[in-house]
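Residue numbering for the sequence shown is 101 to 251, as defined by the numbering used here.
Cβ atoms here follow ideal geometry from the backbone N, Cα and C, with glycine treated the same way.
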Amino acid sequence: MKFISIAFTVCFLTILNLQVSAKDKPTPKGEMLSIGYLSTNSFANALLKYKEIEDALKVNSTDQTALWNLGLSYFVIANNDKNYINRCLAAWDNYLRLYPNDGFALWNRGFVKHYFNVGTPCADIQAATQNVKKKYLPKSEDFKNCFKKKK
Numbered sequence: 101m102k103f104i105s106i107a108f109t110v111c112f113l114t115i116l117n118l119q120v121s122a123k124d125k126p127t128p129k130g131e132m133l134s135i136g137y138l139s140t141n142s143f144a145n146a147l148l149k150y151k152e153i154e155d156a157l158k159v160n161s162t163d164q165t166a167l168w169n170l171g172l173s174y175f176v177i178a179n180n181d182k183n184y185i186n187r188c189l190a191a192w193d194n195y196l197r198l199y200p201n202d203g204f205a206l207w208n209r210g211f212v213k214h215y216f217n218v219g220t221p222c223a224d225i226q227a228a229t230q231n232v233k234k235k236y237l238p239k240s241e242d243f244k245n246c247f248k249k250k251k
């Protein structure tokens with residue numbers, strides 16, 4: 101009887117530990133933005149994709165994956181056509197309006213602001229670290245100034 105209770109306790113703690121580990125390591129809803137993202141995604145494909153994504157959003161305007169992918173597509177397009185920078189930021193704003201605590205989306209919006217030199221990226225990057233541990237966010241030397249301690 102003692103063996104059964106010990107075995108049950110070990111199984112319970114193992115399952116609980118797995119759930120806690122999965123909870124501690126969040127994952128983004130899609131790809132994260134970076135300079136490397138531009139090298140693997142072409143302007144032409146982004147133009148084709150964004151029309152499909154917008155059509156999907158007409159059917160379901162709260163589709164989390166579609167909203168995420170729209171921000172990614174607009175980022176690639178904005179790299180070639182600066183008229184799309186505001187659309188890219190608006191796409192991330194719309195995503196964050198529906199999913200405000202998504203630290204990965206905050207990080208992506210901060211990256212867009214930094215890359216195109218618009219707005220203040222540090223506010224988004226710091227907010228991202230409030231929702232997701234810094235070690236799970238992409239590493240970027242560009243944002244080390246966002247974490248400097250004030251003297």
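Under 7 Å between C-beta atoms of residue i and residue j
i    : j    : result
V218 : C188 : no
H214 : D181 : no
E225 : G210 : The residue you asked about is not Glu; residue 225 is Ile in the sequence shown. It is a contact, given that the beta carbons lie within the stated cut-off.
N231 : N201 : yes
W192 : G130 : no
F52  : I185 : Because the chain is modelled from 101 through 251, residue 52 falls outside the range shown and cannot be assessed.
I177 : A156 : no
L133 : N179 : no
Nearest-angstrom beta carbon gap, residue j and residue i [assumed within contact, 8 Å]
i    : j    : result
F165 : L198 : Strictly speaking, residue 165 in this sequence is Thr, with Phe absent from that position. Not a contact, Cβ separation roughly 12 Å.
A205 : L196 : 6 Å
Extent of the continuous alpha helix (DSSP H) to which residue i belongs
i    : result
G136 : 135-140
T127 : T127 -> no alpha helix (DSSP H), and no H or E assigned at all.
D242 : Segment: none, D242 is in no alpha helix (DSSP H) and carries neither H nor E.
*What are the start and end residues of each continuous beta strand (DSSP E) run of 3 or more residues lying completely inside the region 148-172, in chain order?*
none
_Three or more C-beta pairs below 8 Å linking the region 163-183 and the region 138-152_ = yes
_Report the start-end ranges of each alpha helix (DSSP H) in the region 173-219 that is 4 residues or longer and not cut off at the edges._
185-198, 203-215
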